[in-house]
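One structure below.
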Amino acid sequence: MQKAIDSIFFDRRDYKLIEIVNSVYNEPKTLGYTGKLLYPFFHPLGIKELAESRGLRTAYSIVNLMESIESGNITNRLQALSGLKDDLVDTVGGPMPKNTSRVLLQIMKDLVRAKGNSIQQLRLAHDFRMAAFGKPKIIRHLLDQYHLLEMPEEWNQITFDDHVHDANTSGRKSPTHLIMDAWIKGIRRLRVIYYHYIEPRCAIELIEAARIMEIDLRIGIEFWSLHRDRYISFIWVSRGLLNLESFLWFLASDPVVKFMQEGRALVNFQNDYLHLLLDRFNQSWRIELCRDLDITMMPVEAEEFQTFVVPGQPSFQYLGEFIYSKIIQTIQAQISVLKENDNAQENKEEIVRLTKILNHVTVKDLLSKYLDADHFFNGLRDYVKEKSQTAPQRLCVSFCSLLDQIDNLLDDFRITLNLDRLRPEDVLELLYNSSGRISRIEMINMKKYNPADNETMSLVNELQKAVNQGSILKLKRVISKIIADVKQHVTDQQENRLKALSEILYDIDEFKHMFDARPIRLRIGSDSTGKRGQAYGMGFAVLDTLPFRVSRKVKNKTYGRMILPVNVTTSLCTTISRPESQSGLLACIPGIRTLLATRKREWIAGHFSLDNISNGNIVTLGKTSVGMHHPCITIDSCEKNETKRSWKYLDTKLKNFLKIILGFIPAQLCFMLTKDWWLLAYFGALIWFGITGIRNVIQSVLGGGGIKRASLLKWNDYVSWDRLADSLLFTGFSVPLLDYLVKTLLLDNTLGITMNNGPVMLYTVMGLANGIYLSTHNFFRGLPKGAVTGNFFRSILSIPVAVVLSASIGAVLGFFNVPNVNGVLQKWAAIISKGASDIVAGFIEAAADRSVYTRLRKQNIRKKITELFDIYSKLIMLFPETEELTILENSNILLDNKNSEARDLATLIIINALDLFYFWMYLPRAQSSLIHVVSEMTPEEKTIFFQAQNMLRHEHHISRLFVDGILGRNFSRPLSFYLTLYPSYLNNIEKVKASILDEKSDERPYS
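In numbering that gives the first Met the number 0, the protein residues as written are 0 to 1006.
Right, here's the structure in full:
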């Protein structure tokens, strides 16, 4: 019985996807094709679909991207990220493609991580397949499930994070992994911070990954310098280095190399100090910790700490995480021992106590209680004084001296002051001493932010506003307030500080003008490392730029996100691009160019200002993780089984069948209970469902490619059976609405409107009721606003169609002398209205499907055509003396050329042709789209295109490429496809050529 129940949950395709994902772990380090340089030139929807499924390619890319940085390869990770963008970002369709891509990436990440947990993997595999359909309601549900905010599909939101870390400093994720996660969260601007220096390899990976995912990236370096005999932090960010090459040239210059070496020396010195702290922990703090937690923990080794840090930089935070990991290991070992003993009740209580420790002890608690976190920098300063002979010079220089050194490295840069460990008087002094070089203040750092203690932040905000406004009156008021506060707090340097602040007050005019060129701007950073225990994760968003439903959710305080007391002024810029020209009758229509113009909207951020009175309009992208259990605490198995048997995970075919039955029951009952005529009583529901079903099938076929097709797709490949089941479900409930409630109760019994006295009014009211019903359930299903309104107006358009259809049927019945024609039409009025609505829907939705398919195909084809012309341009440069349009005429010369670059470029042209060949045979609307794109080319471009397709005639050479593994080990299907069908494709291309170039041809091309 249990086996029978389990069999109705999940699909065979769910198990197949898990098998594919898990097989990645059993493969060699490369799948045979991913290591080859030519593989990225294949289109994700092209011929490589025959070699490996998209699921396998995606799983491999995720595994390769998420593997640890020390065992991974930068090139492999970047290729994996590029592959993921191709497979799950650029080629996803549906009404919410961007958000669907984000969900698919997140689910695949979790699916790869869940190896070994079969039930979890089944749930994730099913979620992945359901998300792939792109249904808005499912996507929004999964966004909430994974704590992701929905982003506008125009991808114009203002989302950012000005302070994050990757694995090369204190973070958990490699640079590529970090960029991918930032895109999943919806972040468009990111600033990654390194400590004291940066390695060129880190810059390469970060910049390239950000370029692939189209994220605006800034790389910053955090420095420590002395101010009043204590360390402060500030961040340097370069400007004017527009690409990877310019940044690498900068890092390779002699002054920068020397400066970075000093940073490495500082990190090594800090490492020695951390070893000293580790010794102190072993000698005293460890004993105190064991006593407080009632555990037995052995001393920790410095060598283990060094291994733990790799590949990051040793830091105080890492020291805390290392000791924390040792505490977890100790407690888990004690729990294992207790489980093996016989005294069940006593041991159970001890296990519960130890489990509570696992769930409540955090790295932050450990650092503050047992490693004296508040005095880390004071202790480091004392250690520098003690080791003054060997201490690095960087730790002994003042803030202004270090700024002077940085000035000599690059002309254009930005300095961000970190408020950690600073008072308002410190900020005022540093701003003045910097002579305008500080242009940013990190007002909020989520790792240290405390909403209840923002006195310093508020006063610094007042200072920033006064400086930027250039008001002497306001600036004097703020400075005087800071001086008054200093006088109230007696310190060792009070007299000296008051003298310095007094000098600033007397030089207030010069101070004001320091920031005329570069006003002080506010920065907000999460300081995220991607590790457990941080209250909020990476990223922030401006609420005004998010969809309305998201803003409404976020403002609900139970939603788990924090709204920061910062207001950002925003403006929406709309760019309108009109088509160059129109021909034929369209050109005569007034305003047609404006109507057909494309519009691009972009949000532009203005000033950031702290506002403690209102709630602000910046929200964290991550929810709070406070209270989350340690990952070693597993969910109870009974909960897993309960989740497994949810309706959500029912077998898809069974679920679709149940949807159809659920819709069929009310329809059949309505006809049986209200109709006297046996045909309607017993077959009315079948007729009703038949209208909807046939309309969906015909609409899908016509939208995808029409009845006459030269491709390998069958008619049922175009039909979405899941979409059809949903349509039949909701159409079933429309029967009692239209036939009984509207037609019988409202119109006939209440208003007395029938076919005898008001056929137009009858069909008008029924059409309006149907439109309201369609719009309501479309809204309930989460469809886009355009679909909701479109379905309402489709019903309006169906009213005259229903009137004409009814009149036509009445005329036919009258011709055959059928008695009581109006009585017959009255009985069939609901079905006639339904049929008219579906006729209109069939035309409209088929046209919409065709438009979507055509747009996607043109996008795919233009990408391949652009690549083809780029490759051909390189060939022209290789053969400068050859006439430019004759290079491919004798392609044997290219394939057998002694120049390896020429042979590689010829192979790339073959790859390009293979993808276009696959498009033609398998993708909906590819044929008509290709013909349209080619017809728009210049005569020279057409010649190059047709010559490139003829490269497919080199059967022996291309077969050898497949056998040699250009698509990996599974080459049999693509090779068979090529050998069997390329003559037919080239024949069709010749027909296209004959038509477009006006050559003689008795046969028309496929269209």
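Quick reminder that beta carbons are idealized off the backbone N, C-alpha and C, glycines included.
Practice problem: Spatial neighbours of V839 within its chain, please: CB distance less than 7 Å, with the 5 preceding and 5 following residues excluded, ordered by chain position. | Solution: Within its own chain, the residues whose Cβ lies closer than 7 Å to the Cβ of V839, once the five positions on either side in sequence are excluded, are R793, L796, S797, V800, listed in chain order.
Self-check item: Every unbroken alpha helix (DSSP H) within the stretch 900-969, with a cutoff of 4 residues, ordered by chain
Solution: Complete alpha helix (DSSP H) runs here, min 4: 925-934, 938-948, 954-962.
Quiz prompt | Backbone secondary structure at G219 - three-state DSSP | solution = Looking at G219 - three-state DSSP - the assignment turns out to be strand.
Quiz item: To which residues of the same chain is T691 closer than 7 Å at the C-beta, ignoring the five residues directly before and after it?
Solution: For T691, where only same-chain residues beyond five positions count, the Cβ hits under 7 Å are S726, L727, T730, D837.
Quiz item: By the 10 Å Cβ neighbour count, where 16 or more other Cβ atoms means buried, how is E935 classified, buried or exposed?
Solution: Flag for E935 reads exposed.
Quiz item: Cβ atoms of D425 and H226: under 8 Å apart, would you say?
Solution: Yes. Within cutoff.
Quiz item: From the DSSP output, which residues share a beta bridge with F607?
Solution: The partner list for F607 (beta bridge, DSSP) reads V567.
Exercise. Scan the stretch 168-199 and note each continuous beta strand (DSSP E) run of 3 residues or more that stays entirely inside, going in chain order.
Key: Counting whole runs of 3 or more residues, the stretch 168-199 contains the beta strand (DSSP E) stretches 188-194.
Quiz item: If you draw a straight line from the C-alpha of S774 to the C-alpha of K134, how long is it?
Solution: Each residue's CA atom was taken as its position, placing S774 and K134 some 16 Å apart.
Quiz item: What does a CB cutoff of less than 8 Å around N453 pick up in its chain, not counting 5 residues either side in sequence?
Solution: Cβ-Cβ distances below 8 Å link N453 to P564, N611 in the same chain, with the five nearest sequence neighbours on each side left out; the list follows chain order.
Quiz prompt | Exposure of D635, with buried meaning 16 or more beta-carbon neighbours within 10 Å | solution = In this predicted model, D635 has a pLDDT of only 40, less than 50, meaning its place in the structure is not dependable; the value taken from the coordinates is given anyway. If you draw a 10 Å sphere on the C-beta of D635, you find fewer than 16 other C-beta atoms in it, and that means exposed.
Practice problem: Identify, in the order they occur along the chain, each residue of the same chain with its Cβ nearer than 8 Å to the Cβ of K674, setting aside the five sequence neighbours on each side. | Solution: So the qualifying residues of the chain are A680, G683, K826.
Quiz item: Taking R560 as the reference, which of N614, F510, L427 has the closest Cα?
Solution: Among N614, F510, L427, the Cα nearest to that of R560 belongs to N614.
Quiz item: For the candidate residues E954, F868, I892, whose alpha-carbon lies nearest to that of T937?
Solution: It is F868.
Practice problem: Could you name the residues that DSSP lists as bridge partners for Y230? | Solution: L225, per the DSSP bridge assignment.
Quiz item: Helix, strand or coil for K742 per DSSP?
Solution: Shown here, K742 sits in a helix according to DSSP, grouped into three states.
Self-check item: Same chain only: Cβ atoms within 8 Å of L571, ignoring 5 sequence neighbours per side
Solution: These residues qualify, in order along the chain: R600, E601, W602, I603.
Quiz item: Going by other Cβ atoms of all chains shown within 10 Å of its Cβ, with 16 needed for buried, is K833 buried or exposed?
Solution: By the neighbour-count rule (16 or more Cβ atoms within 10 Å), K833 is buried.
Quiz item: CB Q312 to CB T528, shorter than 8 Å?
Solution: The Cβ-Cβ distance between Q312 and T528 does not fall below 8 Å.
Exercise. Kindly give me the distance between the Cβ atoms of I157 and T569, rounded to whole angstroms, as I take these residues to be in contact under 8 Å.
Key: About 7 Å separates the beta carbon of I157 from that of T569, a gap short enough to meet the 8 Å contact definition.
Quiz item: Between Y382 and V336, what straight-line distance do the alpha-carbon atoms span, to the nearest angstrom?
Solution: When rounded, the distance between both Cα atoms is 42 Å.
Quiz item: Between the C-alpha atoms of D914 and A947, what's the straight-line distance to the nearest angstrom?
Solution: For D914 and A947, the gap between their C-alpha atoms comes out near 12 Å.
Self-check item: Range covered by the alpha helix (DSSP H) that runs through V759
Solution: V759 -> alpha helix (DSSP H) spans 758-779.
Self-check item: W235 - partner residues in DSSP beta bridges
Solution: BP columns for W235 point to I220, I414.
Practice problem: Determine the closest residue to P298 out of Y323, F315, P310, L408, with distance taken between C-alpha atoms. | Solution: Per the Cα distances, Y323.
Self-check item: Environment of A332 [buried if 16+ CB atoms lie within 10 Å]
Solution: Counting every other CB atom within 10 Å of its CB across the protein chains shown gives A332 a total below 16, marking it as exposed.
Quiz item: Going by Cα to Cα distance, which pick from L370, R217, T295 is closest to R279?
Solution: Out of L370, R217, T295, L370 has the C-alpha closest to the C-alpha of R279.
Quiz item: Do V734 and W677 come within 8 Å of each other at the CB atom, strictly closer than that value?
Solution: Taking 8 Å as the Cβ cut-off, W677 and V734 do not qualify as a contacting pair.
Exercise. Would you tell me roughly how many angstroms separate the C-alpha atoms of M920 and H146, rounded to the nearest one?
Key: Near 40 Å, if we compare the C-alpha coordinates of H146 and M920.
Quiz item: Mapping DSSP to helix, strand and coil, what is T597?
Solution: Reduced to three states, the DSSP call for T597 is strand.
Quiz item: Mapping DSSP to helix, strand and coil, what is I886?
Solution: Three-state result, I886: coil.
Quiz item: Since L672 is in the alpha helix (DSSP H), which residue starts that stretch and which ends it?
Solution: Taken as a continuous stretch (DSSP letters only), the alpha helix (DSSP H) holding L672 covers 651-673.
Quiz prompt | Environment of Q698 [buried if 16+ CB atoms lie within 10 Å] | solution = Counting the other Cβ atoms within 10 Å of the Cβ of Q698 gives 16 or more, which makes it buried.
Quiz prompt | Proximity test, Cβ basis, 8 Å: A901 and chain D | solution = The structure shown contains no chain D; it is built from a single protein chain.
Exercise. From the DSSP output, read off the bridge partner residues of W602.
Key: In DSSP, W602 forms a bridge with L571.
Quiz prompt | Nearest neighbour of N98, chosen from S928, H776, I138 [CA to CA] | solution = Of S928, H776, I138, the smallest CA-CA separation from N98 is found for I138.
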